[in-house]
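Accompanying notes for the structure given below.
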Amino acid sequence: MKKILILGASGFIGGALYKELCSYFDTYGTYHTGKIYANNKHFFPFDMQNDDLIEILSRVRPDVIISALRGDFESQIETHFDVVDYCKATGSKIIFLSSANVFDAFSNFPSYEFDKTLSMSPYGKFKIKIETALMQLPEKNYSIARLPMVFGSHSPRIKELKYYIENHKAYEVFPDLVMNVTNIELLTKQLHYIINREIGGIFHLGSSDLVHHNEFIEEIIKVLGYHKPLLKNVYTSNFDRFLAVLPKDNKLPKHLNFGHIEVIKEMNIS
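Right under this line is the structure:
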């Protein structure tokens with residue numbers, strides 16, 4: 001049975017991955033805050049800025065490390081450099097959750113796996129730096145999963161949307177933003193498949209179709225059952241701008257492909 005270590009297992013994506021994988025693999029995770037994990041022998045406290053990840057890696061000896069970390073960019077970079085060194089020494093694999101923002105300097109078209117990365121944002125630039133470090137490994141030892149916006153019934157984005165609507169605050173939507181999206185349930189199944197099949201390289205894990213941000217949010221609001229919410233249209237360009245990651249070379253099987261409507265349906269929002 002493969003040993004898997006999820007960095008950031010107490011977060012939204014990391015926690016969902018733990019639930020998806022723990023019945024199939026010998027799964028461990030790190031957490032930064034949360035007493036509920038303190039007595040769980042499969043969870044280790046880890047503070048990127050103060051703790052040594054090597055100690056945890058030496059204890060667990062994972063075959064696969066999944067990075068769902070959040071927090072200080074410089075600390076994340078140093079942590080991932082440690083993971084790269086560990087993978088070089090042991091032959092283990094890292095799955096890194098990257099972002100569509102590695103392409104946010106390009107706004108005229110959707111982006112594919114082997115397009116050149118270029119970002120204008122600090123977030124995108126730091127993701128590119130980690131991607132570049134991972135690509136020094138043999139392809140079988142890394143998977144870079146570039147993600148669009150991630151939704152889910154208990155996702156931070158849905159919680160924020162509900163808060164704004166219920167408190168009669170104007171929620172910002174971007175009519176000129178063309179994107180694709182994903183859902184946490186669909187994402188965890190895709191990552192499970194990548195682990196099972198032991199495939200490496202770069203993957204774009206989002207819906208196969210594109211949608212304007214304002215239209216997608218309006219569709220979610222209908223499913224939530226709200227009426228006449230306050231929405232604030234924010235225009236950042238005179239033209240449509242794309243922030244979408246579509247697969248072309250590393251496509252997953254048809255049963256793992258989906259459109260933005262499936263993203264909403266899978267949420268089971270209540």
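With the working numbering as the guide, the letters of the sequence shown map in order to residues 1 to 270.
Every residue gets a Cβ at the ideal spot worked out from N, C-alpha and C, and that includes glycine.
All values derive from a computational prediction rather than experimental measurement.
Using a threshold of 8 Å, state whether the C-beta atoms of residue i and residue j are closer than that.
i                 : j             : result
arginine 157      : valine 245    : no
phenylalanine 203 : serine 143    : yes
tyrosine 171      : leucine 230   : yes
valine 60         : leucine 5     : yes
histidine 154     : valine 178    : no
tyrosine 86       : leucine 57    : yes
leucine 186       : glutamate 113 : no
Determine the closest residue to residue i out of the options, with distance taken between C-alpha atoms.
i             : options                       : result
lysine 88     : Asp240, Glu55, Leu137, Val102 : Leu137
asparagine 40 : Asp47, Tyr31, His260          : Tyr31
serine 23     : Pro45, Leu7, Lys2             : Lys2
leucine 21    : Glu113, Lys248, Lys189        : Lys189
aspartate 26  : Asp115, Ile65, Phe12, Gly11   : Ile65
Excluding the 5 residues preceding and the 5 following residue i in the sequence, name in chain order all residues of the same chain whose CB lies nearer than 8 Å to its CB.
i          : result
lysine 127 : Ser98, Ser99, Asn101, Val102, Ser119
serine 107 : Ser237, Arg241, Phe242, Leu243
lysine 251 : Asn257
lysine 232 : Ala170, Tyr171, Glu172, Val173
Might you give, ordered along the chain, the residues of its own chain that have their beta carbon closer than 6 Å to the beta carbon of residue i, omitting 5 neighbours on each side?
i              : result
asparagine 180 : Pro148, Gly206, Ser207, Leu210, Ala244
valine 234     : Glu172, Phe174
Just the Cα atoms here: how many angstroms apart are residue i and residue j?
i             : j                : result
tyrosine 28   : glutamate 139    : 24 Å
proline 110   : isoleucine 36    : 41 Å
tyrosine 123  : histidine 227    : 34 Å
glutamate 160 : glycine 259      : 23 Å
aspartate 51  : phenylalanine 73 : 15 Å
aspartate 63  : lysine 93        : 6 Å
leucine 191   : arginine 197     : 10 Å
How would you write the range of the beta strand (DSSP E) that residue i sits in, first residue to last?
i            : result
arginine 241 : 241–243
glycine 225  : Note, glycine 225: premise wrong, no beta strand (DSSP E); not H, not E.
Sorted by chain position, which residues of the same chain lie with C-beta nearer than 7 Å to residue i's C-beta, five sequence neighbours on each side aside?
i           : result
arginine 70 : Gly8, Gly11
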